[in-house]
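Visitor: Residue 1 is where the sequence shown starts when you use UniProt numbering, and the numbers rise one by one after that.
Just dropping this structure here.
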Amino acid sequence: MSKGLQSIKGKSKRKRLGWLETWQLTKTTFVEYFSESTFRHAAALAYYAIFSLIPMLYLGVYFFGRILGNETVQSLVFNFLSGHVGMQDVSGIMEILQSYDVEKRNPVMEIVGIVTLLFSSSAFVVSLHKSISDFLDIEPVKAPVKRMILRTVLSRLLAIGFIGILGFIVILVYMTQTVLISMSQDVISNPTLSFLFNNGLAHAASIATNFLIFTMMFKYIHDGKVRWRAAMYGAMITALLVYLGQVLIKYYLTNFFFAADGGVVGSIFVILAWIFYTSQILFLGAKFVKVYSEMAGIPVVPRYKLIVKNGEEEVVENKKE
1 MSKGLQSIKG KSKRKRLGWL ETWQLTKTTF VEYFSESTFR HAAALAYYAI
51 FSLIPMLYLG VYFFGRILGN ETVQSLVFNF LSGHVGMQDV SGIMEILQSY
101 DVEKRNPVME IVGIVTLLFS SSAFVVSLHK SISDFLDIEP VKAPVKRMIL
151 RTVLSRLLAI GFIGILGFIV ILVYMTQTVL ISMSQDVISN PTLSFLFNNG
201 LAHAASIATN FLIFTMMFKY IHDGKVRWRA AMYGAMITAL LVYLGQVLIK
251 YYLTNFFFAA DGGVVGSIFV ILAWIFYTSQ ILFLGAKFVK VYSEMAGIPV
301 VPRYKLIVKN GEEEVVENKK E
C-alpha cells in the first residue's frame, strides 16, 4: 500500500472524500499507474485481439443478427469501426464477416464451428481479466491442479458470458437510441434542433455504452471483490476519458498512422493500435478503482482464498468485504 494511503487505514469503513483527499486520490492513481507495466498489458490485449476480433464480430452478427437482422448488426459494426475506431476502409473487414460462414448442413459441424469461435473469442477477455486483476493488485490464488483446470474452464465460460452481455448492452443502447430518434421526429419539427438532438443523443449513447461496459468490467472481470460504488465511479471516469481520448486516437489513426490506408491488413493494424491506446485509459480506470476503494475504506480484496481443511488445500470464496 502506498504511503499516501497508509494514513487512511484504521479509519471508518466508509469515508467520503473531500477536496484534499480527491487530489491525493488523483496523484496516487497516476503514480501507481505509471509504476505498472501498462505497455506490456496493452500489447498482450492487442495480441489476443488478433485471434479474437473476427470471431467476436462474427458471433455478434451470427446471434444478434437472428433477432435484429444481419444488415442491422453489420451496420452497427460498420459504424463502430468507421466512427469510433477511425478506420478509413472498412470494406475488407465487412467482406470477411459476410463470407465467414459456420452454418453447415451438418448440425454437428455447425456446433463445432460455434464452439471453436466462442473459445477463440474468449482469449481476449481472459487476457483482460488477468490485466485488470494486476492493476487492482490482486494476486491469483495458487490452487490444486484439479481446481486450476476448473478455474480455467469457468474463466472461459465467464469470458463467453461477458461477450454476450457486451453485445446485449450495445444492442439495448442502439434500440433505445433508435426509439428516441423516431419519437423526436414527431416532436421536434425544426431541422436544426432535430439535428442537434440526434447528434447529442449519439454522443450520450456512446458514453452510456462505455459506462455500462466498464462497470461490468470493474465489478466482475477480475479476481477481486469490488463494491458497486467503486466500480461505477471508476466506470464513469473511464467512460468520459475514453470518449475524449477516442477523439484524439481516431484523429491520430486517421491522419498519421502508417497503416491507415493499407487495406485489410492496414485495417487490422488500425484496430490493434486502437485497442493498444484505449486499453491505457481502461487500465488507468482500474487503478483508480483500486486507489479509490482503499481511500474510501472499502478496499478491493481477493475473491477467493486458499485454506487447509482436513490436511488438504481448498480454495473457497473470500467472505470478507
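Where a beta carbon is used, it is the ideal one built from N, C-alpha and C, also for glycine.
1. Among F269, G18, L282 and Y220, which has the Cα closest to the Cα of P302?
2. Give me the Cα-Cα distance between G18 and Q98, rounded to the nearest whole angstrom.
3. How do the stretch 235-243 and the stretch 207-221 stand: do at least 3 beta-carbon pairs fall below 8 angstroms, yes or no?
4. Helix, strand or coil for P191? Go by DSSP, reduced to three states.
5. Going along the chain, which residues of its own chain have a beta-carbon closer than 6 angstroms to the beta-carbon of V300, five neighbours each way excluded?
6. Counting C-beta neighbours from all protein chains within 10 Å, is the total for F186 16 or more, i.e. buried, or is it exposed?
7. In the DSSP output, what is G164 paired with across the bridge?
8. Using only CA atoms, which one of Y277, F195, Y233 and F34 lies nearest to T22?
9. Does DSSP put residue 322 in a helix, in a strand, or in coil?
10. Between the beta-carbon of F218 and the beta-carbon of S120, is there less than 7 angstroms?
11. Is the Cβ-Cβ distance between residue 330 and A44 less than 7 angstroms?
12. Do the CB positions of Y33 and L282 come within less than 7 angstroms of each other?
13. By Cβ distance below 7 angstroms, which residues in the same chain neighbour Y277 in space, the five residues on each side in sequence not counted?
Guide: Quick look at the numbers:
1. Y220
2. 53 angstroms
3. The answer is yes - the stretch 207-221 touches the stretch 235-243, with three or more Cβ pairs under 8 angstroms.
4. helix
5. L136, G224, V226, K290 and S293
6. At residue 186 the sequence reads Asp, which differs from the Phe that was named. The residue is exposed, with fewer than 16 neighbouring Cβ atoms inside 10 Å.
7. For G164, which the question treats as bridged, DSSP gives no partner whatsoever.
8. That would be Y233, whose Cα lies nearest to the Cα of T22.
9. A query on residue 322 cannot be resolved here, the shown segment of the chain reaching from 1 to 321 and no further.
10. In this structure, S120 does not lie closer than 7 angstroms to F218 by Cβ.
11. Here the chain covers residues 1 to 321 and nothing more, so residue 330 does not appear.
12. no
13. I249
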